[in-house]
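Participant: Chains as they are written, first to last, in our numbering: chain A, 10 to 298; chain B, 4 to 362; chain C, 79 to 220; chain D, 139 to 748. For every residue, glycine included, the Cβ atom is placed at its ideal position computed from N, Cα and C. Note that this is a predicted model, so its numbers are computed, not measured.
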Amino acid sequence: MSTGWLIGSAVIAVIVAPLIGGLLRGIDRKLTAHMQGRIGPPIMQPFYDVIKLFGKERCVAGKAQLVFGYAYLTLIVTAVVFFALRQDLLVVLFILFLGCIFLAIGALSVKSPYSQLGGHRELLQFLAYEPILLLAVVPIALKLQSFRIATIFESGQPLLPHLWLSFIALLIVLAIVMRKSPFDISSSEHAHQELVRGLVTEYAGPYLALIEIAHWYEMVLLLSILGLFWVVGSLWWLSIIIALGSWFIILIVDNISARLTWSWMLRFTWVAGISLIGSNILFINLGWM
Amino acid sequence: MARTVIPFGPQHPVLPEPIQLKLELEDETVVGVMPIIGYIHRGIEKAAELNDFRQNVFICERICGICSFIHALTYCEGAEAMTSVEVPPRARFLRVFWSELSRTHSHLLWLGLLADSMGFESLFMQIWRAREMILDISEMTAGHRIIQSTCIIGGVRRDIDKEMAKEVDKRLLAFKEMLDSTIAPVLLRDPTIKRRAVGKGMLSKEQAELLGAVGPTSRGSGVAIDIRQTGYAAYKEVGFEPVVETAGDSYARTLVRAREVYQCVELMRKALSMMPEGEILVRVDGYPEGEAMSRTEQPRGELIYYFRGNGTNNLERLKIRTPTFANIPTLLVMLPGCEMADVPVITLSIDPCIACTER
Amino acid sequence: MGILSTSRMKSPWLLHFDCGSCNGCDIEILAALTPLYDIERFGIVNMGNPKHADVLLVTGPANHRNYRVLRNLYQQMRDPKGVIVVGTCGCTGGVFHNCPNVLGGIDKVIPVDVYVPGCAARPEAIIDAVVLALGKLKAYGK
Amino acid sequence: MENEILVEKADFIPAVQKMLAEKARFGTTSCVDLGDKFELIYHFEPQESPEPLTHIRVKIAKEETLPSISSMYLCAALIENEIQENFNVQISGIALDYQKRFLRSKESPESALLKPVPYAPKPPARLPVRCGEACPAGIDIPRYVRLIGEGKFAESLATIKQSMPFPGILGRVCFAPCEDNCRQAKQEEPIAIRMLKRFAYDHASYGEKATAKQTGKRVAIIGSGPAGLAAAYYLAKMGHGVTIFESLPQAGGMMRVGIPSYRLPRKILDDEINMVKNLGVEIKTNTKVESLDTLFKDGYQAVLVATGAHQGMKLGVEGEEHPKVMECIDFLRDVAFGKMVKLGDRVMVIGGGNAAIDSARTALRLGSKEVTILYRRTRAEMPADAEEVEEAIKEGVKIEFLAAPKKIFSENGAVTLENIRMKLGAPDASGRPRPEPIEGSEFKVGVDSIIAAIGQTPAVPEQFNIEIGRFGNVIVAEGDTFATSKEGSFAAGDAVTGPASVVEAVGAAKKAAISIDKYLGGKGVLPVEEIKVKEPTSRHTFLERWQEKREVEVSIVDGSVTVSVEKKRAEMPCLPLEERLGKFDEVELGLTEEMAIAEGQRCWRCDLEQ
């Protein structure tokens, strides 16, 4: 595939990803409302929210926080670009991690106790899902002998039948990144939480909008990684179905469970995630998958 | 992480009302707690001395919007004792009906808030949807969704005729069916709810007695105190047995309230079916003189009014002890040692009603 | 009408503060969130964080202790912002007008845009009031 | 106001202390400003709520300081703070000072209040329940019923085994006093507790584990009925060497010779006896013990007499010695041991107890065409189990109420019974109305056989040399220790109580075994297996209010029936009538798993809340 084509697709990804992310958030809110017996906001609601936030008065708790906020957004966009350029999957993930760490440091850089606790919990959350995300790459590499995304596209065979255990582990990660019950501990989608959206308490107005957009990028990136599990020639559309399907499962789980505590989350994700991926790696090595 | 002090409240989304809990945290474990109250003190006790004793019904009703009818009832019971008024029997049964209606809607409200504080939004929505059915009954019988304002000294102001009673009965059955089919199974079975509530906020029977806990808070710890047993209004005729759980944790308190909702529905239906024909209001002559106490069971526990009159139009003293006031000290036992994430659940488990407490 | 003012109209975030009401109005505000009234249809969300909110919903009369908290919250909110008072007692003092610890209506502490009378105000009236307050947000900056 | 106590400031604290000693609950404090003075009224609630409040009233001058009562009633601290703030009343030494924003002031001692409690839900304290109290063997009924409802059959069986050794037998033949005392019976039907016991035995297995060290002491037990076997079981578990002497060719006592096999299959009985044998108990059948002294000489340190009540009572009517008149106990024994018994077509059974019903049903199975029971009172007074009576009627047994035999004689080659009609009179000592004959209402019935089933008494050999009671031939045994007049010998079961039930015999034997162990120098502690199951931390009632309909397929020999088990007591599937006659197959088939679980969940769990 020509370099020009790749660069073009990266540009398109940077522009389209937040649009898809926002739209998914809108559909998410609508579907959640329907599951709760309500009508719910219009699908374009997230865009209204973000545009409105851009129109709000600027207010920042500390310059440092601002820097970290921008760094978070930039790094996430970079990760998306690297993904679109079909670069090394490990590089994409590490850039993503760095971005997330900046978000947590941003929250920790202000004095508000809610923000502090939120940042603290974000780090715990990070501790819970990053190992899983990183480990999930290993079976892919084992299967294809390469970490490059381009290889996955070229391999010509779907990964899901061999790596479905890792796929399930990634679903847990998706739920955490989307901040859904039972994992929404650091900054809840639901306002009625003990930390008052702890992580972003001190971001206001346009800066909150930036964080929101970065979240959209992050979600789309995660969904794309899930989609990688079925990118083969003629059935490429299945990858989109898989990504959206997993997204929908997360929504349902969100609606049938209460929020749990961070200690539980850490235990659960590590035990479930690592054992799933571990057995996946084992099976590949044994030649069963 | 060093010790952090988190101001929990007075404005906080989990608490619909302002109470401040200064939580001392070590990492995420609560090691100390200091409730600070007084944000919505209005001075109703003093205002009651300034008003005509008949007007006080309406101000007492607005001590708390959730259990307003029971406040009015307690005031009226005391005022009637002081002016030696005999309330007609039909009015006494109607008072039971509206008391239980208030209790039902209060418990449902609380169950919803609990689900919400656990982050279980869809359950919150379902419970509040069921609650709307109760509010519809309130609006149909009393003319208002939450502040019924039907109780006055000497009886009640509105009657429920046969046709309406039939309709109410029908709606109550529909309501019960909804509880059975949607809410009760989730409350009982959902593992995430149990994980958040079972074993959280332990209050042993001895502690409950030592701290003078009342209402569902004490009944969740196995202390069977329920003032309805004294048989005020028409509770003696309707018949009543307190609901008790013994585990003493948040889940036990949840179950007490959930079971009481069922009990309330039964009591309401009984009150309507047993109601005799006759007057609903008698004329009140004379002015309050001497002293009186009146006690009732609010959704949150025992409510005590103390009256002192001097034979004039105004009361000399009105003292109100609300149930949450008696239950707040239990937080000092329940909170230390828990995780920050459990604070809302445990705080809510005593069903704090700050508007009552601070009057 | 620009896209910004359309967005402002479509996305008012609420902050609710109980300033000493009897709970009646507070639970009606909560009831407005629930399936029967579903305030989220209009993009209205209860935020709980003054820095994020556009509309402040106040219930109950101000008193000597909490008026500072109220003022503090109001100052933390970012422009454009609106204030709605829910309930008769918050509008004028109402039934609590002669209570010793009550200052009177909310407008003695902070500027109020919309008054919702009623004891307690109905959820329909509250939704209506939020929509009215949007007029102020829409006109902001013009 | 009533119940008020006026005190001076000096007497105030003693008055509160008195309240505390009486365990009164603190309600609240009202303060009234009287101009130059404050009046404080402390409201207390006596322990027995709902009683009127008691008020302690104290008047103090405005500059005076009142001591705080929060060292006695911690909950008073909050209201004392409030009074201090609102009225400027001076109160000293408040344990929790909210105004100064300290959790405790310096002068107040550190209290239990501020210590966090351990964060683990405790199972609620269990309350005595009516079903459990009614059980002579003291089985933890609510627990095993709950465990079946939870599908934990093995744990349920182990729970039963903790207090009673023979679930297989008692699950079939117990007269279930627990079910009569079930609280649920007041509103609906009682829980089928006996059927669940049988279910647990049929669907789970249990291995005996806890056995104490061997003590080297030896105990002889005379009689291998329920009392003897149960005592042997417990004594063996407590480490004693036990030998049972049985005069009949097979062990089991009344359970073998008195209960027909269609109610208690012999396999179950043999299994239970083998279970006891496996504990090391030796059973010597066909061995009649002549004297207790020889046993002591043979080296037994203690003897338990559990000979039961095997002596049939006489009818006391003319012509009773007629060859066609049989004692029911002899009849049942012969049938049990496979002797051919010729009855003829028309059989008359006299009596109204379980033995009479058993005899009648056995007679039907032996081929008799017309079986009639003659009873002096009405059905309401019949001592037999209502269920048994019903089954008997279903199978075709006729019951002649309010009639008693008067004379038996031969007429035209057949036996003829002359009966007299009765009417019910005033209640007698047993509380049942006394039947009185109606003069001139005699009638005659021709029958082929007569079975007398009016009761049994113990028959204790005189050589035993132990004290026999004046009434009913029973052995005199001390109430608590079951010791008889002879040193080292004890007695239990029907031999002591007169004819009673299996479960009562087992319950008594358990106590006797404890007593014997103590006599032999032991501590009298029964070895009990620990069961590890999750105890409920709360009572999840409103389960019962779910209108969930649970329909269950019940398969019966061939074909299947759908039974709705919602709220209703499970119905025991029974053998169809036509398959019963002429055979001794077990009639009750046992509950299915779904039915048992549904039945277990039906229990109200009175043990967790009254």
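Using 8 angstroms as the limit for Cβ to Cβ distance, is proline 355 of chain B near chain C?
Facilitator: no
Participant: I need the straight-line Cα distance from cysteine 95 of chain D to alanine 338 of chain D, nearest angstrom please.
Facilitator: No answer is possible for residue 95 of chain D: the residues shown for chain D start at 139 and end at 748.
Participant: Of all Cβ atoms in chain C, is any one closer than 8 angstroms to the Cβ of proline 51 of chain A?
Facilitator: yes
Participant: If distances are taken between C-alpha atoms only, which option among D:Pro303, D:Leu713 and D:Ala444 comes closest to leucine 417 of chain D?
Facilitator: Scanning D:Pro303, D:Leu713 and D:Ala444 for the CA closest to the CA of leucine 417 of chain D turns up D:Pro303.
Participant: Where does aspartate 431 of chain D sit, in a helix, a strand or coil, going by DSSP?
Facilitator: helix
Participant: For lysine 435 of chain D, count the other beta carbons within 10 Å of its own beta carbon; 16 or more makes it buried, fewer makes it exposed. Which is it?
Facilitator: Burial call: exposed.
Participant: Along the stretch 298–325 of chain B, where does the CB come closer than 8 angstroms to a CB of chain C? Name the residues.
Facilitator: none
Participant: Opposite arginine 143 of chain C in the DSSP bridges: which residues?
Facilitator: In DSSP, arginine 143 of chain C forms no bridge with anything.
Participant: Inspect the beta-carbon positions of histidine 44 of chain B and arginine 86 of chain C and report whether they are closer than 8 angstroms.
Facilitator: no
Participant: For a contact meaning CB atoms closer than 7 angstroms, what does isoleucine 81 of chain C contact in chain A?
Facilitator: Ile60
Participant: State the Cα-Cα distance for the pair alanine 494 of chain D and alanine 524 of chain D, rounded to the nearest angstrom.
Facilitator: 13 angstroms
Participant: Quick one: grab the DSSP three-state call for tryptophan 742 of chain D.
Facilitator: coil
Participant: Could you tell me whether any Cβ in chain A is nearer than 8 angstroms to the Cβ of threonine 195 of chain B?
Facilitator: yes
Participant: Can you tell me which of B:Gly312, B:Asp162 and B:Val336 puts its alpha carbon nearest to the alpha carbon of leucine 213 of chain B?
Facilitator: When only C-alpha atoms are compared, the closest one is B:Val336.
Participant: At least one CB of chain D closer than 8 angstroms to the CB of leucine 97 of chain B: is that the case?
Facilitator: no
Participant: Between glutamate 131 of chain A and chain C, is any beta-carbon pair separated by less than 8 angstroms?
Facilitator: no
Participant: Would you kindly report the start and end of the unbroken alpha helix (DSSP H) that includes leucine 210 of chain C?
Facilitator: From DSSP, the alpha helix (DSSP H) with leucine 210 of chain C extends over 201–217.
Participant: At 8 angstroms on the CB atoms, spell out the chain D contacts of glutamate 294 of chain B, in chain order.
Facilitator: Met139
Participant: Taking only beta-carbon atoms, is glycine 122 of chain B less than 8 angstroms away from chain A?
Facilitator: Interface residue, yes.
Participant: Could you check what DSSP says for aspartate 139 of chain B in three-state terms: helix, strand or coil?
Facilitator: helix
Participant: Within the continuous beta strand (DSSP E) that includes phenylalanine 310 of chain B, where are the two ends?
Facilitator: Counting along the chain, phenylalanine 310 of chain B sits inside the beta strand (DSSP E) bounded by residues 304–313.
Participant: Considering only C-alpha positions, which residue in the set D:Leu664, D:Glu327, D:Val487 and D:Arg570 is nearest to valine 583 of chain D?
Facilitator: D:Val487
Participant: Going along chain B in order, which residues have a C-beta closer than 8 angstroms to the C-beta of serine 99 of chain C?
Facilitator: Ile43, Gly68 and Ala358
Participant: Terminal residues of the continuous alpha helix (DSSP H) containing glycine 13 of chain A?
Facilitator: 12–44
Participant: Along the alpha helix (DSSP H) that carries methionine 392 of chain D, what are the first and last residues, could you check?
Facilitator: 392–395
Participant: With DSSP as the reference, please indicate the residues paired to glycine 418 of chain D in a beta bridge.
Facilitator: Paired residues: none, contrary to the question.
Participant: Opposite isoleucine 359 of chain D in the DSSP bridges: which residues?
Facilitator: Answer is D:Ile382 and D:Leu442.
Participant: Measure the alpha-carbon distance for serine 248 of chain A versus glycine 78 of chain A and round it to whole angstroms.
Facilitator: 32 angstroms
Participant: Whole angstroms are fine: how far does the CA of leucine 308 of chain D sit from the CA of threonine 112 of chain C?
Facilitator: 57 angstroms
Participant: Measure the CB-CB distance between threonine 299 of chain B and leucine 76 of chain B and report whether it falls below 8 angstroms.
Facilitator: Yes. Within cutoff.
Participant: Quick one: what does DSSP say cysteine 169 of chain D is sitting in, helix, strand or coil?
Facilitator: When secondary structure is reduced to three states using DSSP, cysteine 169 of chain D falls in the strand class.
Participant: What is the rounded straight-line gap between the Cα of leucine 562 of chain D and the Cα of glycine 593 of chain D?
Facilitator: 21 angstroms
Participant: Short check: CB of aspartate 58 of chain A to CB of leucine 260 of chain A, under 8 angstroms?
Facilitator: no
Participant: DSSP has threonine 595 of chain D in a bridge; who is on the other side?
Facilitator: D:Gln449
Participant: Pick out whichever of B:Gln266, B:Glu64 and B:Pro339 has its Cα sitting closest to the Cα of proline 245 of chain B.
Facilitator: B:Gln266
Participant: Could you tell me the distance, in whole angstroms, from the CA atom of glutamate 716 of chain D to the CA atom of alanine 638 of chain D?
Facilitator: 32 angstroms
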